[in-house]
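If you read the sequences in order, they're chains E and H.
Numbers 32 to 306, taken from our numbering, label the letters of the first sequence in order.
Numbers 32 to 306, taken from our numbering, label the letters of the second sequence in order.
Just so it is clear, CB atoms sit at the ideal spot from N, CA and C, and this is done for glycine as well.
One structure is given here, and the rest of the page talks about it.
There are 2 protein chains.
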Amino acid sequence: MHGLRTEGLSINLATVRQQWTLRQAVEACAKLGIRAVDPWRDQVAATGLSESARIIKDHGMRVTGYCRGGMFPAPDAAGRQAAIDDNRHAIDEAATLGADCLVLVVGGLPKGSRSIEDARKTVADGIAAILPQARAARIPLAIEPLHPMYAADRACVNTLGQALDLCDQLGNGVGVAIDVYHVWWDPELADQIARASSRILAHHICDWLVPTRDLLLDRGMMGDGVIDLRAIRRMIEAAGFAGPQEVEIFSAEDWWTRPGEEVLRTCIDRFNSVC
Amino acid sequence: MHGLRTEGLSINLATVRQQWTLRQAVEACAKLGIRAVDPWRDQVAATGLSESARIIKDHGMRVTGYCRGGMFPAPDAAGRQAAIDDNRHAIDEAATLGADCLVLVVGGLPKGSRSIEDARKTVADGIAAILPQARAARIPLAIEPLHPMYAADRACVNTLGQALDLCDQLGNGVGVAIDVYHVWWDPELADQIARASSRILAHHICDWLVPTRDLLLDRGMMGDGVIDLRAIRRMIEAAGFAGPQEVEIFSAEDWWTRPGEEVLRTCIDRFNSVC
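Right, dumping it as structure tokens:
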């Protein structure tokens, strides 16, 4: 092995999605002593749900989240209902996998709309619609506020404060996933993390590169950017979250092009040195 | 002419920076009935300050802002002092040009820093340092909150609420420039615009394209994106701002490649139809 700490580290499997299948990724994590993962729905679908659950269980992996539900806004009622139905499947899958939570990337503006307020209302309605099933399945819904640069096309929930307002409105069974990439810039970050308290369901890490060359696929490895990861970790731990830090890196031209084992070893190394 | 309304329209000269010198841009605006512009410092420097002032005066142009001061954070005290000195020159230039305000893009993290809190403190200190001169010159300082995707490298003031907190702290002579591109996503937008009230010094318009292909140079023409420009204009006017809407579009692969007159005519057309 490598002599470095892996307790408290989780790998979001998007980080190695170009290199490995779910099985290959889980086996590689296990080999390096990593004991937690967060798979994506397409990865689980490609492997098969029950087979994915078996692989994860056989390797003693904690599932720190399941990515992802959400995407509630749609141009018409049929589309909104289809999104709700799809989220119900996602809850079932998360339960089968034994996930800590279902991560919600809530969705942006439907095509042709310029009303972010309408999209936000659709999101609240959509989460309310699936919440009874999520509670019954004991799968907490983790609203992930996404960086404002994704407000139009991925998520109209863009600050932790806004996500917590939604939690307040929706009640038990809903919390937040805090990804440093999305929230590091927020002048209210410290206050809102403290406010989040027991509603923190996930803690995602990576880094913000300068320059950032692509809005979606140019996330950095921890330590290569400007985010004060330790400061944010301290806030999150002080708020009461004791779960793993989950590495989630979309990196079309860098980390996705490297051998998977190099990526994982770098994650472990940086987790120990800068997180 | 074109029979369309141009009263209340201003052109930020960055919008045609690849096509024209300051003189050419001002002459083209005047020819189309546009009576307000906002020049950039490099454009003024290229033309000469007194010559720029003369061109603007000869064409009866209102100067809705001068772009830009700011960029206060630096790795060391000498760099911070140099930034303050440079801002003092910018105030003098703005006064010579008769500008309504000096727009401040406050700056991001100094190289090697991961503390956005430190950068924010440097910004507050920097503005405080130049404020007496700005007051004496009767040049209001317009803090422009920039989209959070610029927090690292351009501006660590990223919401209107944060900018107004700074205004509260600094006192008279400081206000805000509201650019729809930077703030359209903000869940607190309506409340903060109302709060801004008489501190609104400028109203910049363009649009957010889906997809956005570049973090800096892919702004859209009004109407080509998802921003509800009319809704934001109504908020800003209800807050008491009666100045022109100023078109500011950085568009390396589209509008900067078109003939300047086509750009201006499109600005006028969209100003009449969607703003």
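- Under the Cβ criterion of 9 Å, M180(E) is counted among the residues facing chain H.
- Nearest to R93(H) by alpha-carbon distance, out of V241(H), A84(H), G100(H) and G101(H), is A84(H).
- Counting the other Cβ atoms within 10 Å of the Cβ of S282(H) gives 16 or more, which makes it buried.
- The residue among I280(E), P275(E) and I299(E) with its C-alpha nearest the C-alpha of A67(E) is P275(E).
- Measuring C-alpha to C-alpha distances from K142(H) to each of G204(H), A105(H) and I258(H) identifies A105(H) as the nearest.
- Taking S304(H) as the centre and dropping the five residues before and after it, the same chain places the C-beta of G254 closer than 8 Å to its C-beta, in chain order.
- DSSP places Y212(H) inside the alpha helix (DSSP H), whose first and last residues are V211 to V214.
- Between D131(E) and P176(E), the gap from beta carbon to beta carbon reaches 9 Å or more.
- Setting aside the 5 residues that flank it on each side, A126(E) is surrounded in the same chain by A168, R169 and I170, each with a C-beta closer than 8 Å to its C-beta; the list follows chain order.
- With three or more CB-CB distances shorter than 8 Å, the stretch 254-268 of chain H counts as touching the stretch 199-218 of chain H.
- Under DSSP, no beta-bridge partner is assigned to V294(E).
- In summary, H235(E) is buried, with 16 or more beta-carbon neighbours lying within 10 Å of its beta-carbon over all protein chains present.
- Nearest to I231(E) by alpha-carbon distance, out of A273(E), R48(E), D217(E) and E279(E), is A273(E).
- Exposed is the label assigned to D107(H), since fewer than 16 other Cβ atoms lie within 10 Å of its Cβ.
- About 6 Å separates the Cβ atoms of A270(H) and A225(H), confirming a contact at the 8 Å cut-off.
- For I147(E), the C-beta contacts it makes with chain H under 7 Å involve W216, in order along the chain.
- Among the residues facing chain E, P106(H) is not included, as its CB has no counterpart in that chain under 9 Å away.
- Here I158(E) is not near L191(E), since their CB atoms are 9 Å or more apart.
- Taking 9 Å as the CB threshold, C187(E) lines the interface with chain H.
- As computed with DSSP, Y97(H) is found in a beta bridge with L133(H).
- Among the residues of the stretch 137-166 of chain E, those with a Cβ less than 7 Å away from any Cβ of chain H are L140, R145, S146 and I147, in the order of the chain.
- The C-alpha of G251(E) lies about 5 Å from the C-alpha of D238(E).
- In this structure, the straight-line span from the alpha carbon of I122(H) to that of S229(H) is close to 21 Å.
- Taking the C-beta atoms as reference points, D285(H) is found no nearer than 9 Å to D259(H).
- Secondary structure note for H120(E): its alpha helix (DSSP H) is the uninterrupted segment A108 to L128.
- Rounded to the nearest angstrom, the gap between the Cα atoms of I267(E) and T52(H) is 52 Å.
- Every alpha helix (DSSP H) stretch that sits fully inside the stretch 148-216 of chain H and reaches 4 residues is listed by chain position as 191-201 and 211-214.
- Within chain E, W239, V241 and V257 have C-beta atoms less than 7 Å from the C-beta of A183(H), given in sequence order.
- Per DSSP, the beta bridge partners of L40(E) are Q276(E).
- Nearest to A114(H) by alpha-carbon distance, out of V136(H), Y97(H) and L63(H), is V136(H).
- Within chain E, not a single residue places a beta-carbon under 7 Å from that of Q276(H); the smallest gap is close to 17 Å.
- For V214(H), the closest of G129(H), P163(H), E58(H) and M180(H) by C-alpha to C-alpha distance is M180(H).
- Taking 8 Å as the cut-off between beta carbons, the residues of the stretch 199-224 of chain H near chain E are W215, W216, D217 and P218, in sequence order.
- Classified as buried, R99(E) has 16 or more neighbouring CB atoms from the shown chains inside 10 Å of its CB.
- Listed along chain H, the residues sitting closer than 7 Å to T190(E) by beta-carbon distance are P218.
- By the neighbour-count definition (other C-beta atoms within 10 Å, threshold 16), E293(E) is an exposed residue.
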